[in-house]
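Heads up, the thing below is written out as structure tokens.
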Amino acid sequence: MKRKRIIYFLLCIAAVVLASFKGGPITYSILFGVLLVTPVSLIYLLIVYFFFKLYQVLGTKHITAYEPIPYYFVLQNEYLLNFCHISVSTYSTFSYIDEMQQDNLKDMAKSKPKALHKKTDFTKTYELLPGENVRYDTTMICRYRGDYHVGIKHITIVDFFRLFKITYRVPEPLNAVVLPRVIKLETLKSVPEMVIATYKENPRLSSDFDAQTRDYMPGDPLKGIHWKSTAKTGKLKSRITYGEQRQGISIFLDTKRISDDEYVFIPVENKCLEIVLALTNYFANYSVPTSLVYSQFEPRTAKCSAAYEMESFLNTVSAMKFRSDEEAAVTLDILMAGSVFKDCMIAFLVITGADAELNKRLYELSTFGINIVVYLVGVHPNVQDIMELANVRVIPVYPEDDLAKVL
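Just so we're aligned: the sequence shown equals residues 1 to 407 in the numbering used here.
See below:
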């Protein structure tokens, strides 16, 4: 197009010079003909702009990340002229609609997140005869949990001389509300195998008794009554089982938004939720109770102890909000005062950054005598930001990582 503009500009100069030095009806006709190209082209662009129609539809409102959903768009020429060059460009950072975009996605994963939307828009060009329409049926895959635009992003109209173009955003873009996916893990590599195997297979967790005692509760087995403590206190006392000492898994999710740029925070937040769901689903399959603790203006807890509870747990996780004013250290400080970490077997921390205050809470948490795994999620996660502790393992996680390999 640039070359054609240069040629047209030179023709205009030549026509003006010719008319100035030679004159005559033929010369002036050439001059006016050349100069009329500009207004005619612009009028044509305006006609196409007003009479070109776009329709696009998503096949479902319930969308899960990486789950193909039906999608189509229709381009309609509602005028008597031929629309010679119409290009549609799609949102393709957070979603893609066909195999061609999927190929571009591989290169995108290696790029910086802030540059993704500048490099990956997929464009397709059409020509429409008067009254003609074109329908493009395909499937769409949304890559991240969140609320964002999908489908066609903007339209480019070019005149028949290829001199001028109009590019404009779709006035009513499609908006998708996407739920995070649940990744099924065969093994959990980030946790010592002996710890998991002991919890899953040791029958003493619900049958053998420790020397510690608690008040007797209706339903406790009579053989578990500690008669010496009962005689001393005058109240029935039951021995605490090993399973009662260290029960289940605790997961802390940092809900702090790390950036105002959606091309940064959407992939990171999505990966945090995928980690939480993958861990919970893994332990739920073994009927290991899991407690998720997070902050939504105040500390909250979501629990899951069996596979049939995953759907409800997924809905809770999907509704979480990340905010820039959340502080992981403050939330941890409140939670550590309770029993959510003291009574668990393993504590997982899914965080997006670390500072001196968070390291201080992490050190205090390590004194509880439990195994701790920290997943540091970010575009450039730096494990050196977290202090080294004997019973703490830190694992960096990138937005495009395969959790089946990382976890």
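For every residue, glycine included, the Cβ atom is placed at its ideal position computed from N, Cα and C.
Open item on the list: Let me check understanding here. Comparing Cα to Cα, which of F322, L314, I47 and E388 lies closest to R181?
Closed with: Measuring from the Cα of R181, the nearest candidate turns out to be L314.
TODO: Starting from the C-beta of N359, find all residues in its chain whose C-beta is less than 7 Å away, skip the five residues before and the five after it, and write them out in chain order.
DONE: I386 and M387
TODO: Counting only runs of 4+ residues fully inside the segment 324 to 383, write out the alpha helix (DSSP H) ranges in chain order.
DONE: 328 to 336 and 356 to 366
- [ ] Indicate the three-state DSSP secondary structure (helix, strand or coil) for H49 in the structure shown.
- [x] His is not the amino acid found at residue 49; the sequence shown has Tyr there. Looking at Y49 - three-state DSSP - the assignment turns out to be helix.
- [ ] Write down the C-beta distance between L376 and P396 rounded to the nearest angstrom, noting that I regard them as a contact closer than 8 Å.
- [x] 5 Å
Task: Neighbour-count burial assignment, V340, 16 or more Cβ in a 10 Å radius - done: buried
Open item on the list: Which of the three DSSP states is assigned to M140 in this structure?
Closed with: Three-state DSSP puts M140 in a strand.
Task: Residues bridged to Q296 [DSSP beta-bridge criterion] - done: DSSP lists no partner for Q296.
Open item on the list: Do G248 and M336 count as a contact pair if the criterion is CB distance below 8 Å?
Closed with: no
TODO: Excluding the 5 residues preceding and the 5 following L31 in the sequence, name in chain order all residues of the same chain whose CB lies nearer than 6 Å to its CB.
DONE: A15 and A19
- [ ] With P267 as the anchor, note down where its alpha helix (DSSP H) starts and where it stops.
- [x] Its alpha helix (DSSP H) spans residues E262 to A284.
Task: Host beta strand (DSSP E) of V158 (start-end) - done: I152 to V158
- [ ] Quick one: give me the first and last residue of the alpha helix (DSSP H) that V182 is part of.
- [x] For V182, no alpha helix (DSSP H) run applies, since DSSP gives it neither H nor E.
Task: Best match in I47, I43 and Y72 for proximity to Y55 [C-alpha to C-alpha] - done: Y72
Open item on the list: Looking at H154: is its Cβ nearer than 8 Å to the Cβ of Y168?
Closed with: yes
Open item on the list: In whole angstroms, give me the CA-to-CA distance for Y144 and I63.
Closed with: 10 Å
- [ ] Measure the CB-CB distance between K184 and N270 and report whether it falls below 8 Å.
- [x] no
TODO: Can you grab the Cα-Cα spacing for the pair F368 / D343, in whole Å?
DONE: Looking at the two C-alpha atoms, the distance is approximately 9 Å.
Open item on the list: If you reduce the DSSP assignment to three classes, tell me which class P396 lands in.
Closed with: Strand.
Open item on the list: Here's the rule: buried if 16 or more other CB atoms are within 10 angstroms of the residue's CB, otherwise exposed. What is P267?
Closed with: buried
Task: Separation of R162 from M1, as counted between CA atoms - done: 6 Å
Open item on the list: In the DSSP output, what is L407 paired with across the bridge?
Closed with: Bridge partners of L407: none, in fact.
Open item on the list: What does the alpha-carbon distance come out to for the pair L42 and F50?
Closed with: 13 Å
- [ ] Give the DSSP-derived three-state secondary structure of L412 in the structure shown.
- [x] An answer regarding residue 412 cannot be provided, because it is not within the stretch 1 to 407 covered by the chain.
- [ ] Pick out whichever of K53, S229 and F322 has its Cα sitting closest to the Cα of K256.
- [x] F322
TODO: Would you kindly report the start and end of the unbroken alpha helix (DSSP H) that includes L253?
DONE: Boundaries around L253 are those of the beta strand (DSSP E), I249 to L253, since no alpha helix (DSSP H) includes it.
TODO: Tell me whether D385 sits in a helix, a strand or coil according to DSSP, three-state version.
DONE: helix
- [ ] Would you give the residue range spanned by the alpha helix (DSSP H) that T167 belongs to?
- [x] No alpha helix (DSSP H) contains T167, which is instead part of the beta strand (DSSP E) from K165 to R169.
Open item on the list: On the DSSP bridge list, what partners appear for L236?
Closed with: L236 pairs with nothing; no bridge assigned.
Open item on the list: Would R361 and D402 qualify as a contact pair, given that the criterion is a beta-carbon distance under 8 Å?
Closed with: no
- [ ] Would you kindly work out how many angstroms separate the C-alpha atoms of T290 and E311, rounded to a whole number?
- [x] 14 Å
Task: F161 - containing beta strand (DSSP E), residue span - done: Note, F161: premise wrong, no beta strand (DSSP E); not H, not E.
Task: Limits of the unbroken beta strand (DSSP E) element including S92 - done: Per DSSP, S92 belongs to no beta strand (DSSP E) and is neither H nor E.
Task: Cα-Cα separation, G131 to V276 - done: 52 Å
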